[in-house]
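First up is the structure itself, then whatever we jot down about it.
What follows is the structure, encoded as C-alpha cells:
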C-alpha cells in the first residue's frame, strides 16, 4: 500500500481526481484541501492522525501549539476500521472550525456524513447526512467556491454525466444543497482537479491538470459566483510527467494560492514554488527548496504556525522513525532549512490530515 498523507486547510488547497493513493489528497485529502475563502486572521492547522488498523480506527487530533509544533497528547474520537473510508476536514457550517466529514462508498448507501466540530478538538456524535456516491471512483472535495465561508461539496466521477463537475453549496446547518451547479469536467482518469483561490477574491478557483493533454499545462478556471466557474481558462506551464505532484497554496503570505511543484524523480526531488500573479497565472521564476527523491514521501503544504504562510510538511513512514517534519514558510516563498519534528507513524496505513479544528 502506498503512503497517504492528507490535509485540509484554510488556504483553499483542495483537489480531486488524483490517480493513486499517494497523490489523492482529498481523502485517500487527500485535503485538501480546503474549505474556506480567504481568511483575514490566520489560524494554526492541527495534526490529525488516522489508521484504520490501529486504535479501533479512531481519529486523533494533536492540537497545534505554535511555531510548527503539536501537542503530544491527542483528542480521540470514533473513526472507522474500513480502509475504504475517506475523511475530510473542512468548515461545513461557517463557524470557522474544521468539521469531520466521512464518506465510504460501501457504507450507508455511500452518503456523505458531517460531524460538527465542538471547538475543543473533538466532534459531535450527531450525524448530518447528504447525498454521496456508491462508486469508489468518485472524487469528493470540500472547498468554498462561492465565498460564503462554508465548504461546498464538489463531486466528480469521470464516467458519469460526461465527467462534469457538480457543486452542491454548503449551508449553515452543515448540510449541502440537493441541487447541483454543473461545470466542465473531464472523462479522463488521468485528470486531476484542484480548488484554490489563485486570484485573491475569496472564491476557490477550479484548476485542471492532465499530463497527457495540452502539453501538461495547468489550466485555471476562475470562480464566478454561486458555485460556477469561467468557461475560459488561464493556462501556464505544467508537466507531462504523471509522477508530478502539484499543490496550490499561499507560499509567501500575499493571499494568493501559489503553484507548488514536486517530482521525486526530477531536479533532485526539489520543491519548486511559482508565485501567483493575481490574474490566475503564475510567475515563471522558480523558487527552490529541499524536497525528497523517494516516491513514498508525502510532501504537503499547510499553515501550522499561524502566520498566514503555508509550511512544508514532510513525512516518510520508513524514514527517521516515521516522524513528521515541518519546515516553516517564509515571505520569500522559500521554506526554512530548519526542521521541526513531531510524532508521526511507521505504518503505511496511516493518514495525516491538517486542519484547524479548534479555531486557535
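Residue numbers (the working numbering): 1 to 360. Ideal Cβ positions, reconstructed from N, Cα and C, are used throughout, including at glycine. Bear in mind the structure is a predicted one, so any value in this text is a computation, not a measurement.
Rounded straight-line distance, which links the Cα of residue j to that of residue i
i, j, result
"residue 224", "residue 143", "14 Å"
"residue 310", "residue 46", "13 Å"
"residue 258", "residue 273", "7 Å"
"residue 320", "residue 181", "46 Å"
"residue 189", "residue 208", "12 Å"
"residue 234", "residue 123", "39 Å"
"residue 261", "residue 218", "11 Å"
"residue 348", "residue 102", "21 Å"
"residue 351", "residue 50", "5 Å"
"residue 67", "residue 353", "18 Å"
"residue 155", "residue 141", "7 Å"
"residue 48", "residue 163", "32 Å"
"residue 342", "residue 183", "41 Å"
"residue 361", "residue 57", "This structure cannot speak to residue 361, because the chain is shown only from 1 to 360."
"residue 291", "residue 78", "34 Å"
"residue 340", "residue 69", "7 Å"
"residue 137", "residue 288", "34 Å"
"residue 157", "residue 270", "32 Å"
"residue 238", "residue 213", "11 Å"
"residue 303", "residue 139", "24 Å"
"residue 59", "residue 115", "12 Å"
"residue 65", "residue 333", "23 Å"
"residue 81", "residue 95", "29 Å"
"residue 230", "residue 286", "27 Å"
"residue 249", "residue 256", "7 Å"
"residue 226", "residue 108", "29 Å"
Beta-carbon proximity of residue i to residue j, cut-off 7 Å
i, j, result
"residue 104", "residue 85", "yes"
"residue 76", "residue 63", "no"
"residue 211", "residue 240", "yes"
"residue 168", "residue 159", "no"
"residue 220", "residue 197", "no"
"residue 315", "residue 344", "yes"
"residue 312", "residue 327", "yes"
"residue 149", "residue 165", "no"
"residue 380", "residue 117", "For residue 380 there is no data in the structure shown, the boundaries of the chain being 1 and 360."
"residue 251", "residue 329", "yes"
"residue 147", "residue 215", "no"
"residue 98", "residue 355", "yes"
"residue 366", "residue 278", "There is simply no residue 366 to check, as the chain begins at 1 and stops at 360 in what is shown."
"residue 172", "residue 106", "no"
"residue 130", "residue 112", "yes"
"residue 236", "residue 282", "yes"
"residue 52", "residue 74", "no"
"residue 222", "residue 280", "yes"
"residue 300", "residue 322", "no"
"residue 110", "residue 127", "no"
"residue 263", "residue 247", "no"
Integer-rounded CB distance, given that residue j should sit under 8 Å from residue i
i, j, result
"residue 43", "residue 360", "7 Å"
"residue 174", "residue 153", "Not really, about 11 Å apart at Cβ, beyond 8 Å."
"residue 253", "residue 331", "5 Å"
Bridge-paired residues (DSSP) for residue i
i, result
"residue 170", "176"
"residue 182", "166"
"residue 289", "271"
"residue 311", "302"
"residue 128", "114"
"residue 153", "142 and 168"
"residue 100", "89 and 115"
"residue 66", "69"
"residue 276", "282"
"residue 352", "49"
"residue 259", "248 and 274"
"residue 123", "117"
"residue 59", "50 and 77"
7 Å Cβ cutoff, residue i in contact with chain C
i, result
"residue 289", "Of the protein chains in the structure, only one exists, and it is not chain C."
Considering only residues of the region 316–349, which uninterrupted beta strand (DSSP E) runs meet the minimum length of 3 residues and lie entirely inside it, listed in chain order? 324–327 and 340–342
What are the complete alpha helix (DSSP H) segments, minimum 4 residues, inside the region 193–255? none
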